[in-house]
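First residue of the sequence shown: 41, per our numbering; consecutive thereafter. Please read the structure below before turning to the comments.
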Amino acid sequence: MSGSTGREAVAAVWRIESARIVGALARYTGDFALAEDLAQEALAEALVTWPRDGVPRNPAGWLLTVGRRRAIDAFRRRSALDDRYAALARNLGEGGVVSGNAPADPARDAEDVLWDPDQIDDDVLALMFISCHPVLAREARVALTLRVVGGLTSDEIAKAFLVPTATVQARITRAKKTLGAARVPFEVPPPEERAGRLGSVLAVVYLIFTEGSSASSGDDLIRLELASEAQRLARVLARLVPNEPEVHGLLALLELTAARFPARTGPDGEPVLLEHQDRRRWDHAAIRRGRAALARAQQVGRGLGAYGLQAAIAECHAVASSVEETNWERVVLIYEALGRLAPSPVVDLNRAVAVSMAQGPAAALTIVDELVAAGTLSNSHLLPSVRGELLARLGRGDEARTELELALRRCGNARERAVLERKLADLG
């Protein structure tokens, strides 16, 4: 096997199995930070061993067993030869498994890969709850989730969010220290705490997807790998907690939004506005998945939550043959419901856009002017962008130009800036 093939195998196995490996190690050591370090040590050894000796017959089992052995070494160094050490060492075969060769007892080692299959899902779920623990800052939750649940490297996370790798590494290190200092147990929260904590998990997944679907800065409008990772995390959650309606609502929202990705950019990566998109290029399989997830959210819940309502809006776009044929009155009603359930200036701004399509720009401008008067979204380019568009439709060209120029100054994404520049040029 070539070195590059071996490294590719390591990367593929790690991306698929890393959450289960870290979760299992955390459960057996009782130490989340140690488990993540042990998994990274196993990964480093695989990068050396697999290209040289070949990929083992049971790659995940190899990584997991190496991680367990490293745990034993760590406890030995700490002179902690107690019951925990004995429990970790129990049933380990002698030799063989630390290299790419066959283990001493292949049958038993294969059984050990998922040595407690009934708890594997709980391990991954616990890992998600810990990575998104409220004791951590938002940036730390995102970095830790992408690292230990998503299996991304620090370099990949840094590239995705356009920050230095050292910054990501520092966030992860601080997060693990914070979790250790807070003595956060490795467990799925009890039912009475789960609903509140699940909101943090969903918010992190949503944040990752939002940055991927509409990059806040940089040269690309969409960061597909980041958005795809959020979709994968949402699918994992939907399997782990199948009776939580907002999990299915979030999954529906992500699927229906991502379905438009193929038509959102042109050949050179330039943005294509909704009214100009070729809807034949939309991912109709993703639309079907999204609508099925939305139906599931409605089935298991007593009405849609905030993510489910946003998914219902996305569904209105997905089933319409054109912008003109979209049921804008329904979209307005859903935004009104969303505003009551989860009020925010962004929801009001989006409602204004829907109102402009259903009732005309004058009615929408009233909503936008209220947002301006309230001083909300003062650093966002979205508010002056929408206001400029409405003013242009009302024939107030000079005022529209002022607003679009302000939006241009605030916008950090090069592709969105190009759209604003074209709108300014169209004003003459």
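C-beta atoms are modelled at their ideal positions from N, C-alpha and C, and glycine is treated no differently. Nothing here was measured: the structure is a model prediction, and the numbers come from that model.
Can you check which of these residues, D308, H357, S361 and T218, is closest to V371 by C-alpha distance? H357
Under the assumption that A299 contacts A326 (Cβ atoms under 8 Å), give the Cβ distance between them as a whole number of angstroms. 4 Å
Taking Cβ to Cβ, would you say G70 is nearer than 7 Å to L167? no
Take V189 and list the residues in its own chain whose beta-carbon comes closer than 7 Å to its own, dropping the five residues that flank it on each side. A59, L167, M168, S171 and L273
Cβ distance (whole Å) where L186 is taken to contact E269 below 8 Å: 7 Å
May I ask you to report which of helix, strand or coil DSSP gives G330? helix
Give me the residue from L87, L83 and K216 with the minimum Cα distance to R110. L83
Distance between A346 and S254 (C-alpha atoms, nearest Å): 19 Å
Roughly how far, in whole angstroms, is the beta-carbon of A73 from the beta-carbon of K216, given that I think they are within contact range, below 8 Å? 4 Å
For D259 and R455, believed in contact at Cβ under 8 Å, the rounded distance: So it is a contact: roughly 7 Å between Cβ atoms.
For a minimum of 3 consecutive residues, which ranges assigned as the beta strand (DSSP E) are wholly contained in the segment 362-390? none
Taking the C-alpha atoms as reference points, what is the distance between H173 and K463? 43 Å
What distance in whole Å lies between the Cβ atoms of L430 and L389, which are believed to be in contact at a cut-off of 8 Å? With 8 Å as the limit, L389 and L430 do not qualify as a contact, their Cβ atoms being about 11 Å apart.
What are the boundary residues of the alpha helix (DSSP H) that C356 is part of? A346 to V359
For T69, name the three-state secondary structure that DSSP assigns. Correct three-state label for T69: helix.
Integer-rounded CB distance, given that A267 should sit under 8 Å from G252: 3 Å
From the DSSP secondary-structure annotation, give me the bridge partner or partners of T475. Missing from the structure shown is residue 475; the chain here goes from 41 to 468 and no further.
Give the range of the alpha helix (DSSP H) segment to which S268 is assigned. L264 to L280
Could you tell me which residues DSSP puts in a beta bridge with G258? N453
Stretch-stretch touch, CB-based, cutoff 8 Å, three pairs: the segment 279-295 with the segment 322-341: Yes, since at least three Cβ pairs between the segment 279-295 and the segment 322-341 fall closer than 8 Å, the two stretches touch.
Please confirm whether A303 and R321 have their CB atoms less than 7 Å apart. yes
Can you tell me which of the three DSSP states G236 falls into? helix
Going by DSSP in three states, T193 sits in which element: helix, strand or coil? coil
Is it right to say L290 is buried, meaning 16 or more other beta carbons lie within 10 angstroms of its own, or is it exposed? buried
Please report how far the alpha carbon of A86 lies from the alpha carbon of S257, in whole angstroms. 35 Å
In angstroms with no decimal places, state the Cα-to-Cα distance between A243 and F249. Roughly 10 Å separates the two Cα atoms.
Helix, strand or coil: which one does DSSP assign to S396? helix
Would DSSP call D466 helix, strand or coil? helix
Have a look at S240 and L176 and give me their C-alpha separation to the nearest angstrom. 10 Å
For T105, does the count of other Cβ atoms within 10 angstroms reach 16, so buried, or fall short, so exposed? buried
What distance in whole Å lies between the Cβ atoms of A180 and R223, which are believed to be in contact at a cut-off of 8 Å? Going by Cβ atoms, the distance from R223 to A180 rounds to 17 Å, so no, they are not a contact pair.
Round the Cβ separation of F226 and R67 to the nearest angstrom and send it over; I've been treating them as touching at under 8 Å. 6 Å
Rounded to the nearest angstrom, what separates A402 and S425 at their Cα positions? Distance between the alpha carbons of A402 and S425 is about 16 Å.
Rounded straight-line distance, which links the Cα of E196 to that of E365: 41 Å
Nearest neighbour of L78, chosen from P91, R457 and D113 [CA to CA]: D113
Are E443 and R457 closer than 7 Å when you measure CB to CB? no
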